[in-house]
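Read the structure below first, then the notes.
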Amino acid sequence: MNKGIIVTLIVITSILAIIYLTILNSTSIWSALAIGLLINIVSGPIYFAIVEGLYNLKNFKLFWKSYIKYRKSDVRFSISYIFRIPVKDKYLLVKNRKYNYYQPVGGAYKTLPGVEVVFKKLGIVTDNKFETSHGIAKNDLRFRVKGKRVLDVIKWFNSKENREISQWREFCEELLTTDIIQNKHAFRYIDYEYVTTLITPMQKAKKLDCQEILIYEIFDLVPNNDQIIELERLLEIGDTNEIKFADSTLISRLGFDERSKEVIYDIAPHTKWAHFEKYSEE
Numbered sequence: 001m002n003k004g005i006i007v008t009l010i011v012i013t014s015i016l017a018i019i020y021l022t023i024l025n026s027t028s029i030w031s032a033l034a035i036g037l038l039i040n041i042v043s044g045p046i047y048f049a050i051v052e053g054l055y056n057l058k059n060f061k062l063f064w065k066s067y068i069k070y071r072k073s074d075v076r077f078s079i080s081y082i083f084r085i086p087v088k089d090k091y092l093l094v095k096n097r098k099y100n101y102y103q104p105v106g107g108a109y110k111t112l113p114g115v116e117v118v119f120k121k122l123g124i125v126t127d128n129k130f131e132t133s134h135g136i137a138k139n140d141l142r143f144r145v146k147g148k149r150v151l152d153v154i155k156w157f158n159s160k161e162n163r164e165i166s167q168w169r170e171f172c173e174e175l176l177t178t179d180i181i182q183n184k185h186a187f188r189y190i191d192y193e194y195v196t197t198l199i200t201p202m203q204k205a206k207k208l209d210c211q212e213i214l215i216y217e218i219f220d221l222v223p224n225n226d227q228i229i230e231l232e233r234l235l236e237i238g239d240t241n242e243i244k245f246a247d248s249t250l251i252s253r254l255g256f257d258e259r260s261k262e263v264i265y266d267i268a269p270h271t272k273w274a275h276f277e278k279y280s281e282e
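Residue numbers (UniProt numbering): 1 to 282.
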């Protein structure tokens, strides 16, 4: 029998027994002991339920979908980090490695050795269908899990255990190893600030037959003087096929230019979400 059902039955039975003994108004020491014991039995599960309810109150919709509506269904996760890189009044975007659109620097977090224990415990199945320009992505935090484990997955991710916690790798891969930034010495280290974590609603995946949740940790690059010079030099060179510089208005319209009344280039929706720190429909 389901654990939740068992707890519920115990609580209901105990409450009814307490009411019955109270109505009898018995002064027997055994009745008093029985009532005390039943109260102890009831108070634990009720306290736990109250705490869980309050914890999930702000995410009630996610709690309902994952733990009840799609409890036994597959839910796909994709968990990434994003850099917002301002250069004067614009923001640096890079071309996606697979699709013809532009997005902020960043990418999926990767797992670390030892994660197998966590994945086995939560019933996580890694996503082996995601292809990049380098082939099948390995060790990325892209996977599937049953709905009832969604909140556990989010708690595990927030614990930072058995996963990549540095954001340097994608910055290096997308801007330095590609030679987009020529003066690599100026970027031998970078400073950045955490902004927020954006979690999309649990909803039908566009190209897959399952529900999906996307998580983005957003960071602001904090460039030093030498790095500012290099970034402004890139801005002076202008847009190329590999990078674009977009202002807030263009990002909000995903590449649609109000003046020319046309899409000058496609901007990925998560660029807009990260920029304004809020999920929105496309």
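Each residue gets a CB set at the ideal place from its N, CA and C atoms; glycine is no exception. Being a predicted model, the structure only gives us computed values, none of them experimental.
Cα-Cα separation between F171 and I218, rounded to whole angstroms: The count along the sequence shown starts at 1 and reaches residue 171 at position 171. The count along the sequence shown starts at 1 and reaches residue 218 at position 218. Computed Cα separation, rounded: 13 Å.
Endpoints, beta strand (DSSP E) assigned at R84: Along the sequence shown, one-based indexing puts residue 84 at 84. Note, R84: beta strand (DSSP E), 74-84.
Test item: CB-CB of I82 and P104 under 8 Å: The residue given as residue 82 occupies position 82 in the sequence shown. The residue given as residue 104 occupies position 104 in the sequence shown. P104 is positioned such that its CB atom lies closer than 8 Å to that of I82.
Check whether I264 and I251 have beta carbons under 8 Å apart: Stepping through the sequence shown from its first residue, residue 264 is reached at position 264. Stepping through the sequence shown from its first residue, residue 251 is reached at position 251. The answer is no: Cβ separation not under 8 Å.
Spatially closest choice to I213 from L198, V222, N225, D226, by CA coordinates: As a first step, residue 213 is located in the sequence shown; it is residue number 213 there, counting from the start. Nearest option by C-alpha distance: L198.
C-beta neighbour in chain D for Y194, strict 8 Å: Annotation note: the requested chain D is absent from the structure, which comprises a single protein chain.
Burial state of Q182, where buried means 16 or more other Cβ atoms lie within 10 Å: The sequence position of residue 182 within the sequence shown is 182, counting from 1. That one is exposed.
Q227 versus L93 - alpha carbon distance: Along the sequence shown, read from residue 1 onward, the residue named residue 227 stands at position 227. Along the sequence shown, read from residue 1 onward, the residue named residue 93 stands at position 93. Using only the alpha carbons, I get a separation of about 16 Å.
Exposure label - K138; buried when at least 16 CB within 10 Å: For the purposes of this step, residue 138 is identified with residue 138 of the sequence shown, where counting begins at 1. K138 comes out exposed.
Whole-Å CB distance - D89 paired with D247, under 8 Å assumed: Taking the first residue of the sequence shown as 1, we reach residue 89 at position 89. Taking the first residue of the sequence shown as 1, we reach residue 247 at position 247. Indeed they touch by this definition, with Cβ atoms about 6 Å apart.
Straight-line Cα distance separating A274 from P86: Start at 1 with the first residue of the sequence shown, and residue 86 comes out as number 86. Start at 1 with the first residue of the sequence shown, and residue 274 comes out as number 274. Going by the C-alpha atoms only, they are around 13 Å apart.
Y216, buried or exposed, once every other Cβ within 10 Å from all chains shown has been counted against 16: Against the sequence shown, residue 216 aligns to sequence position 216. The residue is buried, with at least 16 neighbouring Cβ atoms inside 10 Å.
Beta-carbon contacts of L141 that lie in its chain and below 6 Å, excluding the five residues immediately before and after: Taking the sequence shown and counting its residues from 1, the one referred to as residue 141 is at position 141. Exclusion of the five residues before and after L141 leaves I79, A108, Y109 as the residues of its chain whose Cβ lies within less than 6 Å of its Cβ.
Cα-Cα separation between Q167 and V75, rounded to whole angstroms: Here residue 167 corresponds to residue number 167 of the sequence shown, with the count starting at 1. Here residue 75 corresponds to residue number 75 of the sequence shown, with the count starting at 1. Rounded to whole angstroms, the separation of the alpha carbons of V75 and Q167 is 25 Å.
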